[in-house]
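Chains as they are written, first to last, in our numbering: chain U, 427 to 558; chain C, 427 to 558; chain P, 427 to 558.
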C-alpha cells in the first residue's frame, strides 16, 4: 500500500505526458508523509474505447482510485487525498484550459484481514539510507 | 460519477465492437435518469492475458464494475443496474449464441468523504442547452 | 465470481510470463475448492506508465485484486487467499531474487444486491462432465 490506479481516455495521447502525471502523484503521495515510501505504487491504464456524457468524441477523462490499508483516521485521509488531488489537478490545468475534461479521484480502504504482500523494495531503501 | 469500467478478454477482438458496447452502456445509463449526463464515463480495458474456468482458450469474458456516489437507495440502484445490464446483455446475445462466454456486472459506492472531482463537461453541456 | 484482476509494471516484460502467472492463479483458485469452476476469471492488465517508491526505474510491481460474492466466512476467505497468494508468490521467486519487486493481493466482497451475471460456461462444463 498505497496503490494509485489511473484510467484515462486514449485521446489524451499527445496532450498529457502520462508518465509525468504518475510521477506528480507519486511525489505528492510522498509529501503527505503518511505512506511508507517503499509501498507507493502509481500506475496508469490507457483506455482505447470509451463513451463520455453525450458521447462527443472530444471529451476526455482521467480517473484515479487509491487503495490504502486500514488504520488512518478520516481527517488524515482527507488531508492526504486533498494534497494529492490538488497536485494532479494543477498538473492538468492545461488540459482543462484547452478541452472538455473530467478529473476524478476516489479513495478505498482495503480489508487488513484479507490483504497479502511481499516486497523487497523496503529493504533496498533501508540499505541505501544506511549506506548514505 | 458514475464510472463504468469494462475488462474483457482479448479473444473478443473481431467478435465484439467494444466501442459500440461502451456506447450501449452509456446510452442505457442516460436512460436510467439517475445520473448527471456530464458525469457519465464508460471505458474498456482489453486484457491480453487471462485464464478462465478450466482454461480452455475459447472461453471469453466481459466484466463491468460501476462506481457511483452515495445517496441513492437500494431500489433505485437495483433498477438502474438492471436496466444497464439488460441493455448490455442483449447487445452481447450474438456472443452467447456463438461461444462460451461470461458476462458480469457489479456496482460499488464511493465514500463521499474521500472523493474529489473537477469537471468542465457539465458547464459545456449547460451552455449547449442554453444556446439550444 | 470470482474475478482476479492483476495490474503489473511493463518492465516485467521478458522477465515474467504473465499468461503463465494467470494460469498459476487460476489453478490455485480451483484448488481452494470454494469457487464454482465456471465462474473463475483471471486476467492481467499491463501498465506502461508507473512510478514506484523513490521512482527508480528498475523497481517492478504486480498487484492483484480478487472480487468475490458474499457468503463465505472470514476463515474460509483467509485460507483461500493465503493459498492463492503463496502459489503466485512462489511462482515469482525468480523476480524477487533478481530485482526489487513488490507483490500484493487484496480481496473485496461484492454486494449481492447489485450484482448481475449471465454465463454459459457453467452449462458447457456440466455437459462435458456428463459426456465425460
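Even for Gly, the Cβ is constructed at its ideal location relative to N, Cα and C.
All figures in this text were calculated on a predicted structure; none of them were measured in a lab.
- Under the three-state reduction of DSSP, residue 466/U is assigned to coil, being neither helix nor strand.
- Legend: CB atoms of the stretch 479-494 of chain U lying less than 7 Å from CB atoms of chain C belong to residues 479, 480, 481, 485, 487 and 489.
- Contact annotation: residue 444/P and residue 475/C have beta-carbon atoms nearer than 7 Å.
- A Cβ of chain P is located within less than 7 Å of the beta carbon of residue 473/C.
- The DSSP assignment places no complete alpha helix (DSSP H) segment of no fewer than 4 residues inside the stretch 481-505 of chain U.
- The beta carbons of residue 471/U and residue 433/U sit about 5 Å from each other, so the pair counts as a contact at 8 Å.
- Chain-order list of chain U residues neighbouring residue 528/P: 464, 465, 467, 543, 544, 545, 546, 547 and 548, by C-beta distance under 9 Å.
- Counting along the chain, the unbroken alpha helix (DSSP H) around residue 444/U starts and ends at 444-458.
- CA-to-CA, the gap between residue 554/C and residue 527/C works out to about 41 Å.
- Where residue 541/U is concerned, the enclosing beta strand (DSSP E) starts and stops at 541-545.
- DSSP, reduced to helix, strand and coil, places residue 441/P outside both helices and strands of the structure shown, so it counts as coil.
- Straight through space, the alpha carbons of residue 461/U and residue 453/U are spaced by roughly 11 Å.
- Burial check for residue 557/U: the Cβ neighbour count within 10 Å stays below 16, so the residue is exposed.
- Judged by beta-carbon spacing, residue 473/C lies within the 7 Å limit of residue 435/C, meaning their Cβ atoms are closer than that value.
- In this structure the stretch 505-519 of chain C does not touch the stretch 540-550 of chain C; the number of beta carbon pairs closer than 8 Å is below three.
- With fewer than 16 other Cβ atoms from the protein chains shown falling within 10 Å of its own Cβ, residue 520/U counts as exposed.
- The three-state secondary structure of residue 553/P, taken from DSSP, is helix.
- In the displayed model, residue 532/C falls within a strand according to three-state DSSP.
- Neighbours of residue 507/C across chain P, judged by C-beta separation under 7 Å: 540 and 542.
- In the DSSP assignment, residue 461/U falls outside any alpha helix (DSSP H), carrying neither H nor E.
- Residue 516/U counts as exposed, since fewer than 16 other C-beta atoms from the protein chains shown sit within 10 angstroms of its C-beta.
- In summary, residue 532/U is buried, with 16 or more beta-carbon neighbours lying within 10 Å of its beta-carbon over all protein chains present.
- For residue 524/U, the uninterrupted alpha helix (DSSP H) run begins and ends at 519-524, by DSSP.
- Only buried fits residue 493/U, as 16 or more other CB atoms lie within 10 angstroms of its CB.
- Residue contact with chain C for residue 452/P: present (Cβ-Cβ distance below 7 Å to some residue of chain C).
- In the displayed model, residue 479/U falls within coil according to three-state DSSP, outside both helix and strand.
- For residue 474/C, no beta strand (DSSP E) encloses it, and the DSSP letter there is neither H nor E.
- Our two residues, residue 451/C and residue 482/U, have alpha carbons roughly 15 Å apart in a direct line.
- Residues of the same chain with a CB within less than 6 Å of the CB of residue 427/P, apart from the 5 flanking positions on each side, are 465, 494 and 495 in chain order.
- Beta-bridge partners of residue 429/U (DSSP): 467/U and 493/U.
- With a contact defined as Cβ atoms closer than 8 Å, residue 488/P and residue 518/P qualify at about 7 Å.
- Looking only at 537/U, 486/U, 441/U and 500/U, the smallest Cα-Cα distance to residue 530/U is reached by 486/U.
- In the same chain as residue 442/P, and ignoring 5 residues on each side of it, the C-beta atoms closer than 8 Å to its own belong to 434, 488, 518 and 521, in chain order.
- The shortest C-alpha to C-alpha distance from residue 430/C to any of 538/C, 523/C, 447/C and 478/C is the one to 447/C.
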